[in-house]
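Colleague: First residue of the sequence shown? That's 259 in the numbering used here, and the numbers climb one at a time after it.
What follows is a structure written as structure tokens; I'll ask about it next.
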Amino acid sequence: MNARRRTVLTAGAAALATGCGSSGDGDSDGSTAPASASETGKTPEPSETGKSPEASGSPTGELTRTSDVPVGGGTIFKDRKVVVTQPEAGEFKAFSAVCTHAGCIVASVSDGTINCACHGSKFSITDAAVEAGPATRPLPAEQITVEGDSIRLG
Numbered sequence: 259m260n261a262r263r264r265t266v267l268t269a270g271a272a273a274l275a276t277g278c279g280s281s282g283d284g285d286s287d288g289s290t291a292p293a294s295a296s297e298t299g300k301t302p303e304p305s306e307t308g309k310s311p312e313a314s315g316s317p318t319g320e321l322t323r324t325s326d327v328p329v330g331g332g333t334i335f336k337d338r339k340v341v342v343t344q345p346e347a348g349e350f351k352a353f354s355a356v357c358t359h360a361g362c363i364v365a366s367v368s369d370g371t372i373n374c375a376c377h378g379s380k381f382s383i384t385d386a387a388v389e390a391g392p393a394t395r396p397l398p399a400e401q402i403t404v405e406g407d408s409i410r411l412g
């Protein structure tokens, strides 16, 4: 194989490796979210800005505790590809964390929107409607069950 073709193929492979998709390790999705609860062993806490840390569901089936989802914000579970929001006190919603524009995992929840860092799409925490493009479709709803202070998928 000639040097020019090898360079083009190498560049193409590098572009694929650093594309929009998430490998699940948090390093290739453009997210600045802190390490997950499963990586740190700590319960996620919302920051003062209303952005939510990435969190991880427990092996017992519980996704999170109601106290870990800030009112007017949400928490992203990258490993489960779901975001749980609490638009109003006691009202919990769940949506796919996969952006409908290019398949990136959303990066943050702040100022009433679920935000994708890849291309700037924003979705409402209430119904996942597109607030800002380039996405044109809302995030799909996910089914959750709230029992006491426990939130479970399904």
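Idealized CB from N, CA, C, for every residue including glycine.
I'd like to know whether the C-beta atoms of histidine 359 and serine 382 end up nearer to each other than 7 Å.
Modeller: no
Colleague: Along the chain, where does the beta strand (DSSP E) containing isoleucine 334 start, and where does it finish?
Modeller: 331–335
Colleague: Per DSSP, what are the beta-bridge partners of valine 340 in this structure?
Modeller: Phe335 and Ser354
Colleague: Taking a contact to mean a Cβ-Cβ separation below 7 Å, would you say arginine 395 touches leucine 321 in this structure?
Modeller: In terms of Cβ geometry, arginine 395 and leucine 321 do not form a close pair [threshold 7 Å].
Colleague: Please report how far the alpha carbon of alanine 393 lies from the alpha carbon of glycine 406, in whole angstroms.
Modeller: 35 Å
Colleague: For a quick check, are the C-beta atoms of valine 356 and lysine 336 less than 7 Å apart?
Modeller: no
Colleague: Is glutamate 400 near alanine 352, with beta carbons less than 7 Å apart?
Modeller: Yes, Cβ-Cβ distance for glutamate 400 and alanine 352 is below 7 Å.
Colleague: Our contact map puts valine 342 next to phenylalanine 350 with C-beta atoms below 8 Å; I'd like the distance itself, whole angstroms only.
Modeller: 6 Å
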